[in-house]
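Just below is one structure, and these are the notes that go with it.
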Ligand code: CTP
Ligand code: MG
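Numbering (this note's numbering), first residue to last: 1092 to 1645.
See the structure below:
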């Protein structure tokens, strides 16, 4: 049976069970027709979680004999999928068809005997493979093919952008290169599942779920892995437990607040990851943040992880972004371009500070697409009104209801190209009245700003919060300045008859550092401008006034 399984598997190594169109995030390959999406966000999550529970991670020697390894593992059960990748050495992800195979493998696995160090005997699903006789085992000397887990923006990619036919072509190339892959998604769910095993030592029915860019359809290779420790499922089925004359409750310890409980739980899990977690290094407990978290690096997968608890609203926001990202293929394309542009110009950073975040930028793109005429995306209130009784969701007093069946949402009538939308995004925010208006995707309209923060973006599910509260005046000014400059560059390109593959144009030009004095000279409304440039600027302005007037009338 195992030879049969091996043969089937090797004939198509790394075969994905799900097709690309079925990725969480509905990542439809550009150019492919979007099919109706029948899976809800929670169905996708459930499927991926179950797949991860049947998977293991193995750290392998450099010249691992792939066939022999698979043959060896097949003794424990059928393998449905496998792939190799590099992160501090070669690693393999092996997915069995049944969970029981892992228990069988664990039974046949040794705890290492260190000569100078003493191992902590924690038996996980993260294994280390040793070759008994290295010289015999690597007979053909071929190295395994590794799936790519990072894809930096480099000169080669810029060149490929320059060779594209249009800005739209450039955007699609950028997205295809940078988006998280099927394998990377599997690895993210597997890493959460490995951490869940550790947390389950204390809370046996807890779950650890990925959220943020790993699942919201806007994930880029190399983005952090946000994890959410969910203890809420433990309290489920309480109705069935209240039958009879008595009410049986657990004897528990009590603390003064939910935040306190979260801090205590995370402190212990953090300690546990630090002491016993295979591959968990640089564990930092950041418990006094607004949202307490444990930050660590997972060496096996190479992910920088942020583990939070009691963070259900953030999970719901990820679902909301997933819905918006799946509704229209232009949304992901635009969000990828804007996120990448912002990172290239230092508008976002991996270090916390007064910068804009990817979350804020994504909401800005959604808002801009709601404001087009006709709109590309509906308001959050519209998505709420389409919801049925099963979608009802209230978290900490906030109504977070949103329709889960995407087939109920009417497709947009807007047919604008990505060339136009990208340029108009920069034009729109280059001239937005940040001093007066708040960005509100619930209404799909700007509202009066409730406070004096430089930029106000209402949190979709916690209306009292400003998502960009951290952003200071000078960061906002940089954003506006760069947005104007970018609108100008895209407009200038539009006038050219042929695109050059030698000089960055379109999106490739936007991803280059801007020369300061050039930008000063070209900043709208400042410095000498030629007649042609002035006309171009006027036409952009007229266009945008027309659009905003039309939207106001809606
Ligand atoms: N979040 C939030 N409010 C904020 C910041 C974040 O509710 N002010 C939630 C959002 O659901 C967001 C998630 O926390 O998606 C993770 O935040 P973060 O890692 O900053 O954003 P990502 O979307 O994951 O983007 P990145 O690729 O930068 O990690
Ligand atoms: Mg993140």
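Beta carbons are placed, not taken as given, at the ideal position from N, Cα and C, and that holds for glycine.
Residue 1314 Cβ short of 7 Å to ligand 2 heavy atom set = Under cutoff, so the answer is yes.
key: Member of 1138, 1153 and 1521 whose CA lies at the smallest distance from the CA of residue 1568   = Measuring C-alpha to C-alpha distances from residue 1568 to each of 1138, 1153 and 1521 identifies 1521 as the nearest.
message = Quick check: is the beta carbon of residue 1200 nearer than 8 Å to any beta carbon in chain B?
response = Of the protein chains in the structure, only one exists, and it is not chain B.
request  = Can you tell me which of the three DSSP states residue 1453 falls into?
outcome  = Reduced to three states, the DSSP call for residue 1453 is helix.
ask   = To which residues does DSSP link residue 1375 through a beta bridge?
value = In the DSSP assignment, residue 1375 is bridged to 1386.
ask   = Since residue 1164 is in the alpha helix (DSSP H), which residue starts that stretch and which ends it?
value = Taken as a continuous stretch (DSSP letters only), the alpha helix (DSSP H) holding residue 1164 covers 1157-1165.
ask   = With respect to the beta strand (DSSP E) encompassing residue 1219, which residues constitute its N-terminal and C-terminal limits?
value = Taken as a continuous stretch (DSSP letters only), the beta strand (DSSP E) holding residue 1219 covers 1217-1219.
message = So if DSSP puts residue 1489 in a beta bridge, which residue, or which two residues, is it bridged to?
response = DSSP, once it has assigned bridges, lists 1486 as partnering residue 1489.
inquiry  = Let's see if you can read the secondary structure: which residues bound the alpha helix (DSSP H) around residue 1408?
reply    = First-last of the alpha helix (DSSP H) with residue 1408: 1403-1418.
task = For residue 1321, I'd like the list of residues in its chain whose CB is within less than 7 Å of its CB, leaving aside the five on either flank, ordered along the chain.
result = Only 1297, 1298 and 1300 meet the Cβ criterion.
inquiry  = Rounded to the nearest angstrom, what separates residue 1354 and residue 1243 at their Cα positions?
reply    = Taking the CA atoms as reference points, residue 1354 sits about 36 Å from residue 1243.
query = Could you check where the alpha helix (DSSP H) with residue 1476 kicks off and where it finishes?
reply = 1471-1476 is the extent of the alpha helix (DSSP H) around residue 1476.
key: DSSP state of residue 1339 mapped onto helix, strand, coil   = Coil, per DSSP.
query = Does the count of Cβ pairs from the stretch 1190-1198 and the stretch 1133-1151 closer than 8 Å reach three?
reply = Short answer: they touch.
request  = From the DSSP output, in three-state form, read off residue 1464 for me.
outcome  = Three-state result, residue 1464: coil.
inquiry  = Could you check whether the stretch 1383-1398 touches the stretch 1413-1433, counting it as contact only if at least three pairs of C-beta atoms, one from each stretch, sit closer than 8 Å?
reply    = These segments do not touch.
request  = Pull up the CB-CB distance for residue 1412 and residue 1239, whole angstroms please, since I reckon it's below 8 Å.
outcome  = Actually they do not touch by this definition, with Cβ atoms about 24 Å apart.
request  = Using a threshold of 8 Å, state whether the C-beta atoms of residue 1508 and residue 1389 are closer than that.
outcome  = Their beta carbons are not under 8 Å apart, which means residue 1508 does not touch residue 1389 by this criterion.
task = Please list, in chain order, all residues of the same chain as residue 1549 whose beta carbon is under 8 Å from its beta carbon, the five residues on each side excluded.
result = Cβ within range, chain order: 1529, 1530, 1531, 1532, 1533, 1538, 1556, 1557 and 1558.
task = Indicate, with yes or no, if ligand 2 has a heavy atom lying under 7 Å from the CB of residue 1392.
result = No, Cβ of residue 1392 sits at least 7 Å from all heavy atoms of ligand 2.
message = Distance check for residue 1379 and residue 1260, CA to CA, integer angstroms please.
response = Going by the C-alpha atoms only, they are around 45 Å apart.
key: Contacting residues, own chain, Cβ-Cβ under 6 Å from residue 1599 (five flanking each side not counted)   = Within the same chain, 1249, 1252 and 1253 come within 6 Å of residue 1599 by CB-CB distance, once the 5 residues on both sides are set aside.
Residue 1237 in three-state terms, based on DSSP = DSSP places residue 1237 in strand when its eight states are reduced to three.
request  = Tell me, to the nearest whole angstrom, how far the beta carbon of residue 1277 is from that of residue 1184; I am working on the premise that it is less than 8 Å.
outcome  = Their Cβ separation, rounded to whole angstroms, is 6 Å, which keeps residue 1277 and residue 1184 in contact under 8 Å.
message = Any heavy atom of ligand 2 closer than 7 Å to the beta-carbon of residue 1304?
response = Indeed, a heavy atom of ligand 2 lies less than 7 Å from the Cβ.
task = Pull up the distance between the alpha-carbon of residue 1510 and that of residue 1257, whole angstroms please.
result = Approximately 8 Å between the Cα atoms of the pair.
query = Taking DSSP as the reference, what is the three-state secondary structure of residue 1209?
reply = It is coil, neither helix nor strand.
task = Give the single residue among 1591, 1541, 1518 and 1604 whose Cα lies nearest to the Cα of residue 1574.
result = It is 1518 whose Cα lies nearest to the Cα of residue 1574.
inquiry  = So, for residue 1475: in the same chain, excluding its five sequence neighbours on each side, which residues have a beta-carbon less than 7 Å away from its beta-carbon?
reply    = Counting only Cβ-Cβ distances below 7 Å, and skipping sequence neighbours, we find 1492 and 1493.
ask   = Is it a yes or a no for the stretch 1311-1321 touching the stretch 1393-1413, going by three-plus beta-carbon pairs under 8 Å?
value = By the C-beta criterion, the stretch 1311-1321 is judged to be in contact with the stretch 1393-1413, since at least 3 inter-stretch pairs fall below 8 Å.
message = Run through the DSSP bridge pairs and tell me what residue 1529 is partnered with.
response = Looking at the DSSP assignment, residue 1529 forms a beta bridge with 1538 and 1547.
query = Short check: CB of residue 1174 to CB of residue 1370, under 8 Å?
reply = It is not a contact, given that the beta carbons lie outside the stated cut-off.
query = What residue range is occupied by the uninterrupted beta strand (DSSP E) comprising residue 1150?
reply = Under the DSSP assignment, residue 1150 falls in the beta strand (DSSP E) whose first and last residues are 1146-1151.
message = Closest to residue 1546 by C-alpha separation, out of 1553, 1445 and 1526, would be which residue?
response = In terms of CA proximity to residue 1546, 1526 leads the group 1553, 1445 and 1526.
ask   = Excluding the five sequence neighbours on either side, which residues of its own chain have a C-beta within less than 6 Å of the C-beta of residue 1456, listed in chain order?
value = Counting only residues of its own chain and dropping the five nearest sequence neighbours on each side, residue 1456 has a CB closer than 6 Å to the CB of 1425, 1426 and 1429.
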